Every structure is written in structure tokens, then in C-alpha cells.
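J.: Numbering follows our numbering, in which position 197 of the sequence shown is assigned residue number 880; successive positions increment by one, without gaps.
Cβ atoms here follow ideal geometry from the backbone N, Cα and C, with glycine treated the same way.
From a predicted model like this one, the values you see are computed outputs, not experimental measurements.
What follows is a single structure, and I will ask about it in a moment.
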Amino acid sequence: MKENFDFLMPSVNFFGSGVIAKIGDRAKMVNMSKVLIVTDKFLEKMENGPVEQTLRSLDQAGVDYVIYNGVEPNPKVRNIQEAKQVYLDNDCDGIITIGGGSAHDAGKGTGIILTNGDDITKLAGIETLENALPPLIAVNTTAGTASELTRHCVITNEETHLKFVVVSWRNVPLVSFNDPKLMLGVPPALTAATGMDTFVQAIEPYVSTNRNDITDGQCLQAIKLVEESLREAVSNGENLEARTKMVEAEMLGGMAFNNADLGYVHAMAHQLGGQYDAPHGVCCAILLPIVERFNLVACPDRFADLAVAMGENIDGLSIRAAADKAIDAMQQLNDDVGIPRSIKDLGADPKDFELMAENALKDGNAFSNPRKATKQQIVELFQQAYDAK
Ligand code: NAD
684 MKENFDFLMP SVNFFGSGVI AKIGDRAKMV NMSKVLIVTD KFLEKMENGP
734 VEQTLRSLDQ AGVDYVIYNG VEPNPKVRNI QEAKQVYLDN DCDGIITIGG
784 GSAHDAGKGT GIILTNGDDI TKLAGIETLE NALPPLIAVN TTAGTASELT
834 RHCVITNEET HLKFVVVSWR NVPLVSFNDP KLMLGVPPAL TAATGMDTFV
884 QAIEPYVSTN RNDITDGQCL QAIKLVEESL REAVSNGENL EARTKMVEAE
934 MLGGMAFNNA DLGYVHAMAH QLGGQYDAPH GVCCAILLPI VERFNLVACP
984 DRFADLAVAM GENIDGLSIR AAADKAIDAM QQLNDDVGIP RSIKDLGADP
1034 KDFELMAENA LKDGNAFSNP RKATKQQIVE LFQQAYDAK
């Protein structure tokens, strides 16, 4: 538990059905006259989708824009280099990211190299940024990574296959938009993967060594909301109430990990994402019950709290038995929403596990994990995730 901490959030967070219509006026209010939109081709083409709705509002407010639509999942260094060039060629004075974590991180990365030097790989780590980024508004379309609120920017070096994180208060977007109506069309597998990322982002800060009383409350409420709504959002994507609860959970988990940090699930998931270009939420979900079973001995009472938040009845159980129930409930949620059990399905190869374990222990998320592991123990956790059936 940390007693002194900085609590970071964007200065304004628009939340609720239809809030996207306000983006033009807000962009004007923060003195944007020509913005770089950072998104992907799929979202750009979607009829009446998040990009079209944003552009409509910008047009109404008289704010000019240019679009960079080259964001790839697990955004690459080449994406931010390309986006930077478009920004400079068009004399832009702000950035609007539209999409999930990949678009937001690509936009943050673009801002970073515009003002902090061209080689982002040298800026990996914590509080490495000396200069402010251009103003950034994040329009979020998945629930999700919460990158629209966080100080993290996760980029993949396509040459080394290393996924690295730049963590800085300067990365926190100026304004975020979370409009659940923009998420109604997210397909079931993507809803499951991104929703499980939200779930992990509420579990890891709850057992983090950097947790505090504020983030504890956020985590428990986020877990309750995921339990109530993720299965429904996956099986009935048009249910606005379920989508709204998932966005609330996403924001709560984002606030929590932005301030209390994460753990080995994320540190290891980044290796799977970098090495195999695997979807982040699925990587996190598969690793969750395996890593938390390893962590359980470090703080069984915290895991017993998680069991209660997940709706498990722990009456009459020992703390250890209640903690075990929490891990079983995590696996059950994975199974219910269709997450595969093994990282074999992501293309993992055991010959890579040594190097991935070494890099996982250097990842910025590893330091707040409640139980310290050796490299060999991380290799074994990857192997368990590979052998799981
Ligand atoms: P994503 O941004 O990669 O998007 C995945 C796919 O979903 C894309 O093809 C996109 O076109 C599609 N999509 C997005 N919104 C949609 C919508 N409304 N309807 C239909 N399709 C839609 O996925 P993600 O899981 O949101 O982001 C993952 C990335 O975020 C990873 O690189 C991960 O490491 C990173 N991440 C960042 C943070 C942070 O705080 N910066 C935290 C966690 C994860």
C-alpha cells in the first residue's frame, strides 16, 4: 500500500450516450484549429461510426482536420513516424485519437516524437518525457484498455518485436470521450477480449504493491460491473445498459491502474503481443488465472475480497479456500465469454520463453506485482499457459 501518490486523470471526461456530438465545440475550446485524426481504415469507413460522427461535429464547429488512418493493432514505431509526418505536412495544432488502445497509443506516440525527439525506443520507461505533447483528445470505442485516460503509451518495435511502454504524466490526454453508443457494434470476440482487459485492469491494481484506498474502491466496483455486464455485452451487443456498465468498469479500472499500476499479467502479455502480434486482451485473459494462482500466497486476503466482488459465496470458507474461489471464478468468466485456454492458439513457441521471461521482468508493469518471481518461474508460467487445456 502506498501512502503518498499522484492521482492522474484527463481534465475533462465526457461520458454517456450521445456525448460525441460535443467534440467539435470542445476541440475549439482547447484552441484546436486543424487536428490530426489518428485512427484505422476500418473505423474510418464505418457508416455513421465513431469517425464519421466526430467529423460531423468538427465540421459544425468549424474545426479543420486531416486523417491518418494507418494505425495497426499493437501499434508500431512506423505508424507514429507516418502520423508525425502528416501532422507536420499539414501544420496541425492538436491530435484526436479515435478507436481503442491502439489508436490512442499511436496518437500519444505521435505527440511524444513531435516534442521529445524522434526515437521513441529511447524513451521507454517511467517519466522520461521532458516536454509537453500537443493537446490530445481521445475518443474511445472499446471497453477496453482505458488508454483514453492513462499515462501509458504502449508501442511495438517491429524490428526487435519488443513491446515497450512510455509511462509519463505528460501522456495523459487533455480530454476523453466515452460514448457507449459508439460500442454497440463491437463484435462478440472483440467485446470479450477488450472486456477481459478491463477485468484484468481491475484485478492487478487491487493486489499491486502500489495500491491505495482510492484505487481499491475503484477496482472492486469495476469487478462487480464486469461480472454484471460482460457476458451480456458479449452475447447481446446491442444492449446499451450492458455496454454502459462496461464503459463504467473500464474507466474505473483505468483510473485504478493509472495510479496503482499493474503486474505480471501485463508484463507477460506485452511479450506475447510483441513476439506474436497477438490481441492484447486475449493475452491478458489467458494469463490471468495462471499468474494470479502464482500470486495468491502473497496476499490471500486480497483474493478473498475479489471472490466476494465477483459474487462468490465465501461463507464458512478459510481465507485460502475463498482465494481459490476467486481464481476459479476468473477462469469461469474466461470460459463463458469464449477466451481460449492456451497461448498455443496465439502462435506461442516454447523456444521463445527464456527471452520473453527476461524481458517480462524488465517491463514497467513487473515492479508492482505482489510476489517476486525468478526468470525460471516466469518461464514456467508461460509454459503452464502453453500447456493449459
Ligand atoms: P485495438 O485498439 O487494437 O482495436 C482492435 C480492433 O477493434 C481494431 O481492428 C479496430 O478497428 C476495432 N474496433 C475498435 N473499435 C471498434 C468499434 N467500435 N466497432 C468495431 N470495431 C472496432 O484494441 P484494444 O484492445 O482497444 O487496444 C489494444 C492496444 O492497447 C494494445 O496495443 C495494448 O497493449 C494497448 N494498451 C494500452 C493501454 C494504455 O493505457 N495505454 C492499456 C492497455 C492496453
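#1: Within the continuous beta strand (DSSP E) that includes residue 1045, where are the two ends?
#2: Excluding five sequence neighbours on each side, which residues of the same chain lie with their C-beta closer than 7 Å to the C-beta of residue 702?
#3: So, residue 1026 versus residue 972, is the Cβ gap smaller than 9 Å?
#4: Between the region 846-858 and the region 893-903, are three or more C-beta pairs nearer than 8 Å?
#5: Taking residue 837 as the reference, which of 826, 803 and 689 has the closest Cα?
#6: Roughly how many angstroms lie between the CA atoms of residue 800 and residue 705, to the nearest whole one?
#7: On the premise that residue 928 lies in contact with residue 908, defined as a C-beta separation below 8 Å, what is that separation, rounded to the nearest angstrom?
#8: I believe residue 1049 touches residue 1043 by the beta-carbon criterion, under 8 Å. Please report the beta-carbon distance rounded to the nearest angstrom.
#9: At a cut-off of 8 Å, would you count residue 844 as near the ligand NAD, judging by its Cβ distance to the nearest heavy atom?
#10: Just how far apart, CA to CA, sit residue 957 and residue 747?
#11: Per DSSP, what are the beta-bridge partners of residue 1073 in this structure?
#12: Drop a sphere of 10 angstroms on the beta-carbon of residue 900, count the other beta-carbons inside from all chains shown, and report buried for 16 or more, exposed for fewer.
#13: Going by DSSP, what residue range makes up the beta strand (DSSP E) through residue 717?
#14: Under a three-way DSSP split, which group does residue 713 fall into?
#15: Over the uninterrupted alpha helix (DSSP H) stretch that includes residue 1065, give me the two end residues.
#16: Roughly how many angstroms separate the alpha carbons of residue 876 and residue 984, rounded to a whole number?
#17: Please indicate yes or no: does the CB of residue 944 lie closer than 8 Å to some heavy atom of the ligand FAD?
#18: Starting from residue 819, follow its DSSP beta bridges and name the residues at the other end.
#19: Would you kindly work out how many angstroms separate the C-alpha atoms of residue 867 and residue 924, rounded to a whole number?
#20: Judging by CA-CA distance, which residue of 1028, 721 and 717 is the nearest neighbour of residue 824?
#21: What is the rounded straight-line gap between the Cα of residue 974 and the Cα of residue 795?
#22: Using the three-state DSSP reduction, which class does residue 696 fall into: helix, strand or coil?
#23: Taking 8 Å as the cut-off, is the C-beta of residue 741 nearer than that to any heavy atom in the ligand NAD?
#24: Is the region 928-942 close to the region 993-1003, with three or more CB pairs under 8 Å?
#25: Is residue 884 near the ligand NAD, with its Cβ less than 8 Å from a heavy atom?
#26: Among the candidates 1069, 1047 and 1056, whose CA atom is the shortest distance from the CA of residue 1032?
#27: Leaving aside the five residues before and after residue 813 along the sequence, list all residues of the same chain whose C-beta is less than 8 Å from its C-beta, in chain order.
#28: Pick helix, strand or coil for residue 860, following the three-state DSSP scheme.
#29: On the three-state DSSP scale, how would you describe residue 991?
#30: Mark residue 760 as exposed unless 16 or more other C-beta atoms lie within 10 angstroms of its C-beta, in which case mark it buried.
#31: Between the region 766-779 and the region 814-821, do at least 3 Cβ pairs fall closer than 8 Å?
#32: With a threshold of 8 Å on Cβ separation, who are the neighbours of residue 713 within its own chain once the five nearest residues in sequence on each side are excluded?
#33: In this structure, does DSSP put residue 749 in helix, strand or coil?
#34: Mind checking residue 736: buried by the 16 CB within 10 Å criterion, or exposed?
#35: Between the Cα of residue 1004 and the Cα atoms of 1052, 976 and 709, which residue gives the shortest distance?
T.: On the basis of the data shown:
#1: The residue given as residue 1045 occupies position 362 in the sequence shown. That residue, residue 1045, is in no beta strand (DSSP E); its alpha helix (DSSP H) goes 1036-1045.
#2: The sequence position of residue 702 within the sequence shown is 19, counting from 1. Hits under 7 Å: 860 and 862.
#3: Counted from its first residue, the sequence shown places residue 1026 at position 343. Counted from its first residue, the sequence shown places residue 972 at position 289. It is not a contact, given that the beta carbons lie outside the stated cut-off.
#4: Segments in contact, no.
#5: On the sequence shown, residue 837 is found 154 positions in, with the first residue counted as 1. Looking at the Cα atoms, 803 is the closest of the given residues.
#6: For this step, residue 800 is matched to residue 117 along the sequence shown. For this step, residue 705 is matched to residue 22 along the sequence shown. Between residue 800 and residue 705, the C-alpha separation is close to 33 Å.
#7: By one-based count along the sequence shown, residue 908 stands at place 225. By one-based count along the sequence shown, residue 928 stands at place 245. The C-beta separation of residue 908 from residue 928 comes to about 5 Å, placing the pair in contact by the 8 Å criterion.
#8: If you number the sequence shown from 1, residue 1049 lands on position 366. If you number the sequence shown from 1, residue 1043 lands on position 360. Between residue 1049 and residue 1043, the beta carbon gap of about 6 Å places them in contact (Cβ cut-off 8 Å).
#9: Locating residue 844 in the sequence shown gives position 161, counting from the first residue. No, since every heavy atom of the ligand NAD falls outside the 8 Å radius drawn around the Cβ of residue 844.
#10: Position 274 of the sequence shown, counted from the start, is the residue given in the question as residue 957. Position 64 of the sequence shown, counted from the start, is the residue given in the question as residue 747. About 35 Å.
#11: Limits of the chain in this structure are 684 at one end and 1072 at the other, which puts residue 1073 out of reach.
#12: Translated into positions along the sequence shown, residue 900 becomes position 217. Exposed, because fewer than 16 other Cβ atoms sit within 10 Å of the Cβ of residue 900.
#13: What you label residue 717 is simply residue 34 of the sequence shown in a count that begins at 1. Its beta strand (DSSP E) spans residues 717-721.
#14: If you number the sequence shown from 1, residue 713 lands on position 30. Residue state, collapsed to three classes: coil.
#15: On the sequence shown, residue 1065 is found 382 positions in, with the first residue counted as 1. Residue 1065: member of the alpha helix (DSSP H) spanning 1058-1070, first to last residue.
#16: Mapped onto the sequence shown, residue 876 falls at position 193. Mapped onto the sequence shown, residue 984 falls at position 301. Roughly 28 Å between the two C-alpha positions.
#17: The ligand FAD is absent from the structure shown, which contains only the ligand NAD.
#18: Counted from its first residue, the sequence shown places residue 819 at position 136. DSSP output for residue 819 lists 778 as bridge partner(s).
#19: Residue 867 sits at position 184 when you count from the first residue of the sequence shown. Residue 924 sits at position 241 when you count from the first residue of the sequence shown. Between residue 867 and residue 924, the C-alpha separation is close to 10 Å.
#20: Locating residue 824 in the sequence shown gives position 141, where the first residue counts as 1. The residue with the shortest Cα to Cα distance from residue 824 is 721.
#21: If you number the sequence shown from 1, residue 974 lands on position 291. If you number the sequence shown from 1, residue 795 lands on position 112. When only Cα atoms are considered, residue 974 and residue 795 end up about 32 Å apart.
#22: One-based indexing of the sequence shown puts residue 696 at position 13. Strand.
#23: Stepping through the sequence shown from its first residue, residue 741 is reached at position 58. Incorrect: residue 741 has no Cβ contact closer than 8 Å to the ligand NAD.
#24: In short, these stretches do not touch, since the Cβ pair count stays below three.
#25: Counting from 1 along the sequence shown, the entry for residue 884 is found at position 201. Yes; taking the cut-off as 8 Å, the Cβ of residue 884 has a heavy atom of the ligand NAD nearer than that.
#26: For this step, residue 1032 is matched to residue 349 along the sequence shown. Of 1069, 1047 and 1056, the residue nearest in Cα terms is 1069.
#27: Locating residue 813 in the sequence shown gives position 130, counting from the first residue. Correct list, in chain order: 799.
#28: Start at 1 with the first residue of the sequence shown, and residue 860 comes out as number 177. Here residue 860 sits in strand by DSSP.
#29: By 1-based counting over the sequence shown, the position of residue 991 is 308. Helix, per DSSP.
#30: Locating residue 760 in the sequence shown gives position 77, where the first residue counts as 1. Under this definition residue 760 is a buried residue.
#31: The region 766-779 vs the region 814-821: in contact.
#32: On the sequence shown, residue 713 is found 30 positions in, with the first residue counted as 1. Result list for residue 713: 777, 818, 820, 857 and 858, in chain order.
#33: Here residue 749 is taken as the residue at index 66 of the sequence shown, counted from 1. In this structure, residue 749 counts as strand in the three-state DSSP scheme.
#34: Residue mapping note: residue 736 aligns to position 53 of the sequence shown, counting from 1. Its Cβ being crowded by 16 or more others within 10 Å, residue 736 is buried.
#35: For the purposes of this step, residue 1004 is taken as residue 321 along the sequence shown, with counting starting at 1. That would be 976, whose Cα lies nearest to the Cα of residue 1004.
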